[in-house]
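Peer 1: After the structure tokens below, expect a handful of questions from me.
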Amino acid sequence: MHRRTFLKDTSLAAAGVTILNFPVFGKNAPSNKVVVGVMGVHSRGAYLAKCFSQLPNVEVGFICDVEEGAIKNGFDALKDAARKPTLIKDIHELVKRPDLDALIIASPDHWHAPAALLGVAAGKPVYVEKPCCHTPHEGELLVAAYQKTGRPVQMGSQRRSMPTLIQGVQEVRDGAIGNTYFAKAWYTNNRASIGVGKHIPVPSTLDFELWQGPAPRRPFQDNLVHYNWHWFWHWGTGEACNNGTHEIDCCRWFLGVDYPTKVTSGGGRYAYKDDWQTPDTQVATFEFGDNKAITWEGRSCNNYGVEGSSRGFIIYGDKGTLVNLGGGDYKIYDTKNKLVKAVTPDEKADPTNTVSATGNLDFYHFHNFVDTIRGEAKLTQPVDSGYKSVLLCQLANIAQRTSGVLHTDPSNGHILHDEAANRLWGRAYEKGWEPIAI
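Below, the structure written as structure tokens:
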């Protein structure tokens, strides 16, 4: 497919024509270059910008942010890149660019799905960091857009592209630990208190109107930007979606399960008395058909880990156990806890790194996205799969905020017979900023 053919406006999709399984660039196209724009470049986004700029024949042509310090981080991350990016603050303007081939999203969570939908509507492949949505309703909108248009939409579950973990999944499915029935995941950290914020004038360095975007307007407070929005329900999704998504996704992947039948969650904000709204301590359990279950333990303010690691997952079978301690490694033990096999990738990971716990292993995921754009691969974590894992985390949060127990439809994850919980399936939006349905 010729580059101009791919980059044209999505009038066909708008007319209801489904476009599926097409290569964005052919191997022999006149230009195989992919030009990306990165939305949100304070920390993780700056890292993504640098990584994508190092991929073969990929250029970061644009950065999109609304705060001067973050913008500086983005430019600094690309100081050694062959091309100096153009700054475009408004995502609506960025997706209109005919010379933009793909959109990378690392903004605050409340922008993830609305921005991704804008990208898909504009005909752009999208790479969106986890969680792919702020609410289940947004996730369903994004999945529907992906399935209708066929535009590549990859979620940032980097472990899905790691060769060693792909091998581990195959070993488990080939019976290495027998019939799998239970998985345990965890994440720990030593996060400090965020204090009690004060309402102050919006800093001159921040376009708070664009930062808020689809979220209903709130006054600015001094303990919100840059990172602490994670712990406010209005903007963020808590530790479960912030970090739990990764290992919970691996558990779901290894067990081969999709939607649960029951979700329970307990915990709260225990470590400090401050503005932090989401749990700093949370234990969630997800039950599935065929007698399978997953648990996740999150401790944001006490870093005493499990199995000596601050994050990881364990898969239990009737003939053995598989253990992962945060990177691309895994070990298999028999029923007598004897080590049977240890697999370690050539690249090293650092589970304590809050920007990229999986380090250079991330590049496999970035390569997969770009190769899919070129028509040379299939996404390892398309958003319809990623959403299923994000939904588990969001169901845990909804349970946490309501009765503590949810019963769900195993065909789609919808909450059954719980009016209070179902009110949290979606959210209110600022008028005129509602996410688009494709």
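Taking the UniProt record's numbering, the leading residue of the sequence shown gets 1, the next gets one more, and so forth.
For each residue, glycine too, the CB sits at the ideal point set by N, CA and C.
Assuming A192 is part of the beta strand (DSSP E), what are its boundary residues?
Peer 2: Unbroken run through A192: none, as it is neither H nor E.
Peer 1: Mind reading off the beta-carbon distance from V390 to C51? Whole number of angstroms is fine, and I expect it under 8 angstroms.
Peer 2: Rounded, the Cβ-Cβ distance is 22 angstroms, inconsistent with contact.
Peer 1: Rounded to a whole number of angstroms, what is the C-alpha to C-alpha distance between Y272 and P219?
Peer 2: Spanning the two alpha carbons is a distance of roughly 23 angstroms.
Peer 1: Expressed to the nearest angstrom, what Euclidean distance is found between the alpha-carbon atoms of E239 and D207?
Peer 2: Spanning the two alpha carbons is a distance of roughly 26 angstroms.
Peer 1: Compare the C-alpha of F254 against each of W276, A106, K184 and A113 and name the closest.
Peer 2: Residue K184 is the option with its Cα nearest to F254.
Peer 1: Less than 8 angstroms separating the beta-carbons of E59 and K33?
Peer 2: Yes; because the gap between Cβ atoms is below 8 angstroms, this pair is in contact.
Peer 1: Contact between the segment 425 to 436 and the segment 133 to 145 is defined here as three or more beta-carbon pairs at a separation below 8 angstroms; is this criterion met?
Peer 2: Judged by Cβ distances under 8 angstroms, the segment 425 to 436 makes contact with the segment 133 to 145, as three or more pairs qualify.
Peer 1: Report, in whole angstroms, the separation of the C-beta atoms of I177 and G327, which I expect to be a contact under 8 angstroms.
Peer 2: Actually they are not in contact, since the Cβ atoms of I177 and G327 sit about 20 angstroms apart, beyond 8 angstroms.
Peer 1: Looking only at its own chain, which residues have a Cβ that is under 6 angstroms from the Cβ of I83, when we skip the five neighbours before and after it?
Peer 2: For clarity, residue 83 is Arg in the given sequence; the question names Ile instead. Closer than 6 angstroms at the Cβ level, and outside the excluded window around R83, lie E59.
Peer 1: Quickly, what does DSSP pair Y127 with across the bridge? List them, please.
Peer 2: DSSP output for Y127 lists I104 and Q154 as bridge partner(s).
Peer 1: So the alpha helix (DSSP H) Y387 belongs to, where does it begin and stop?
Peer 2: Start and end: V383 to R401.
Peer 1: Under the three-state reduction of DSSP, which class applies to T321: helix, strand or coil?
Peer 2: T321: strand per DSSP, three-state reduction.
Peer 1: Quick one: which unbroken beta strand (DSSP E) runs of 3-plus residues sit fully inside the segment 188 to 272? Chain order, please.
Peer 2: Runs found: 262 to 268.
Peer 1: Report yes if the C-beta distance between K148 and A122 is below 8 angstroms; otherwise report no.
Peer 2: For K148 and A122, no; Cβs fall outside 8 angstroms.
Peer 1: Just to confirm my understanding: we take F369, look at its own chain, exclude 5 residues before and 5 after, and list those with CB closer than 6 angstroms. What are they?
Peer 2: Result list for F369: Y127 and Q154, in chain order.
Peer 1: Buried or exposed for P114, going by 16 or more other Cβ atoms inside 10 Å?
Peer 2: Its Cβ being crowded by 16 or more others within 10 Å, P114 is buried.
Peer 1: If you draw a straight line from the alpha carbon of G74 to that of Y181, how long is it in whole angstroms?
Peer 2: Their backbone Cα atoms lie some 44 angstroms apart in a straight line.
Peer 1: Compare the Cα-Cα distances from F232 to each of C251, C250 and G195 and report the closest residue.
Peer 2: Checked all of C251, C250 and G195; the closest Cα to F232 is G195.
Peer 1: Would you kindly report the start and end of the unbroken beta strand (DSSP E) that includes R299?
Peer 2: Residues K292 to R299.
Peer 1: Assuming R191 and C301 are in contact, meaning their beta carbons sit under 8 angstroms apart, how far apart are those beta carbons, in whole angstroms?
Peer 2: Confirmed, Cβ separation roughly 5 angstroms.
Peer 1: State the DSSP-derived secondary structure class of residue 448, mapped to helix, strand or coil.
Peer 2: There is no way to answer for residue 448, as the model of the chain reaches only from 1 to 438.
Peer 1: Quick one: Cα of P351 to Cα of L406, how far?
Peer 2: The predicted position of P351 is uncertain, since its pLDDT is 48 and thus under 50; no value can be drawn from it.
Peer 1: Leaving out the 5 sequence neighbours to the left and right, which residues in its chain are closer than 6 angstroms to residue 455 when beta-carbon positions are compared?
Peer 2: The shown model of the chain, from 1 to 438, leaves out residue 455, and the question about it has no answer.
Peer 1: Taking 8 angstroms as the threshold (C-beta atoms), are N242 and H234 in contact?
Peer 2: No; because the gap between Cβ atoms is not below 8 angstroms, this pair is not in contact.
Peer 1: Assuming Q147 is part of the alpha helix (DSSP H), what are its boundary residues?
Peer 2: Here the alpha helix (DSSP H) through Q147 covers P136 to T149.
Peer 1: What's the C-alpha gap between V169 and V323?
Peer 2: Those two C-alpha atoms are separated by around 12 angstroms.
Peer 1: Here's the rule: buried if 16 or more other CB atoms are within 10 angstroms of the residue's CB, otherwise exposed. What is Q277?
Peer 2: So Q277 counts as exposed.
Peer 1: So L339 and Y333 are supposed to be a Cβ contact under 8 angstroms. How far apart are they, rounded?
Peer 2: Rounded, the Cβ-Cβ distance is 6 angstroms, consistent with contact.
Peer 1: Could you check where the beta strand (DSSP E) with T285 kicks off and where it finishes?
Peer 2: T281 to F288 is the extent of the beta strand (DSSP E) around T285.
Peer 1: Helix, strand or coil, according to DSSP, for Y429 in the structure here?
Peer 2: Coil at Y429, not helix or strand.
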